[in-house]
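Here the protein sequences line up with chains A and B, keeping their order.
All residue numbers for the first sequence refer to the working numbering, where the first residue is 1 and numbers rise by one.
All residue numbers for the second sequence refer to the working numbering, where the first residue is 140 and numbers rise by one.
This report concerns only the one structure given below.
There are 2 protein chains.
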Amino acid sequence: MQIEIQLGPQPIDTRRALPDEFRDGTGALAEFSGLVRGEESGREIAALEYEAYSPMAERVMRELITELGRRHPCRFVRVTHRTGLVPVGAAAIHLTIAARHRAEAFAMLTEFMDRLKQDVPIWKRRALSREEFKARPNP
Amino acid sequence: MQIEIQLGPQPIDTRRALPDEFRDGTGALAEFSGLVRGEESGREIAALEYEAYSPMAERVMRELITELGRRHPCRFVRVTHRTGLVPVGAAAIHLTIAARHRAEAFAMLTEFMDRLKQDVPIWKRRALSREEFKARPNP
């Protein structure tokens, strides 16, 4: 199982393809994008700010996927998590999972996302209103 | 919930984006491609041939998504199923599901795929070896 973890402030390209070498033998390709919605706890927002304790977050994500892969063997798992300001409509997280059969891919996807919030040191630091987003120091 | 069903012999564009009007308000975008693998029941193959009883298959898929949407309300569900010959590495089926939260999107995806094989009149007619695939009358 090849694991790729990417964590950083760059916008996520959610259209990135599965690497060619994994296409043959893959029966199930599952992709997931977690997008920032225009509303947080009932109020309108323009962006969320994510913070991560980076080296640890990457290590814990890799360990988690390795652990889940023992029960749900996949061929390729890529997780990209954006940090810093993520505007409404953009992806904060994206997963690409390739497996022989869909059962493993779906189990990896759902269990990873459930465990991410519990175990991985990445958190929403704050929600920005339209005014705060416009007035930010480094636009 | 907007439902789009497409069934036909055209290759599936698995990179088609979510329609713009559903982007706002969507927190979870799940996509799934079911790809033809180079092996079927232990022997090497070059393609699978899918057959569908088309008007009924489209109607049953739409009913199934409507039914699942009562328990797992999503915003947009698109299912594309290819018929006829599907070569190894190409998608036989593709789903795009947009929902507010990931729980609904994941439930729609897994339950739809489980029910598809039970309820929808689309079936694998035959597996073609490399020789049969090369020798087919309409390449």
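Glycine included, every Cβ here is placed at the ideal spot set by N, Cα and C.
All values derive from a computational prediction rather than experimental measurement.
- Per DSSP, the unbroken beta strand (DSSP E) holding arginine 264(B) starts and ends at 261-267.
- Taking leucine 146(B) as the centre and dropping the five residues before and after it, the same chain places the C-beta of Ala191, Ser193, Ala196, Glu197, His220 and Thr222 closer than 7 Å to its C-beta, in chain order.
- Shown in chain order are the members of the stretch 11-43 of chain A whose Cβ falls below 7 Å from a Cβ of chain B: Arg15, Arg23, Asp24, Gly25, Thr26, Gly27, Ala28, Leu29, Ala30, Glu31, Phe32, Ser33, Gly34, Leu35, Arg37 and Gly38.
- Residue Met247(B) holds the alpha-carbon nearest to the alpha-carbon of arginine 239(B) among Arg155(B), Met247(B) and Lys273(B).
- Within the stretch 46-73 of chain A, no residue places its CB atom closer than 7 Å to a CB of chain B.
- In chain order, Phe245 make up the part of chain B whose C-beta sits under 7 Å from the C-beta of threonine 110(A).
- For methionine 113(A), the C-beta contacts it makes with chain B under 7 Å involve Arg241, in order along the chain.
- Fewer than three beta-carbon pairs drawn from the stretch 205-213 of chain B and the stretch 125-133 of chain A are found closer than 8 Å, and the two stretches are therefore not classed as touching.
- In the DSSP annotation of this structure, the continuous segment of the alpha helix (DSSP H) that includes phenylalanine 245(B) starts and ends at 241-258.
- Taking the C-beta atoms as reference points, leucine 95(A) is found nearer than 8 Å to phenylalanine 32(A).
- Each of Thr249(B), Arg275(B), Phe215(B) and Ile261(B) was checked against the Cα of isoleucine 142(B), and the nearest Cα belongs to Phe215(B).
- DSSP places proline 55(A) within a helical segment (H, G or I) once states are collapsed to three.
- Its chain contains Glu188 as the residues whose beta carbon lies nearer than 6 Å to that of arginine 265(B), once the 5 sequence neighbours on both sides are disregarded; these appear in chain order.
- Residues Leu18, Phe22, Thr26, Leu29, Arg75 and Phe76 of the same chain have their beta carbon placed closer than 6 Å to that of alanine 98(A), with the five preceding and five following residues left out of the count.
- Comparing alpha carbon positions, the residue from Met252(B), Pro226(B), Pro150(B) and Val218(B) closest to glutamate 179(B) is Pro226(B).
- With a minimum length of 3 residues, the unbroken runs of beta strand (DSSP E) contained wholly in the stretch 32-91 of chain A fall at 47-52, 76-82 and 84-87.
- Under the DSSP definition of a beta bridge, glutamine 145(B) partners with Thr219(B).
- One alpha carbon belongs to alanine 274(B), the other to alanine 185(B), and they sit about 12 Å apart.
- As computed with DSSP, leucine 18(A) is found in no beta bridge at all.
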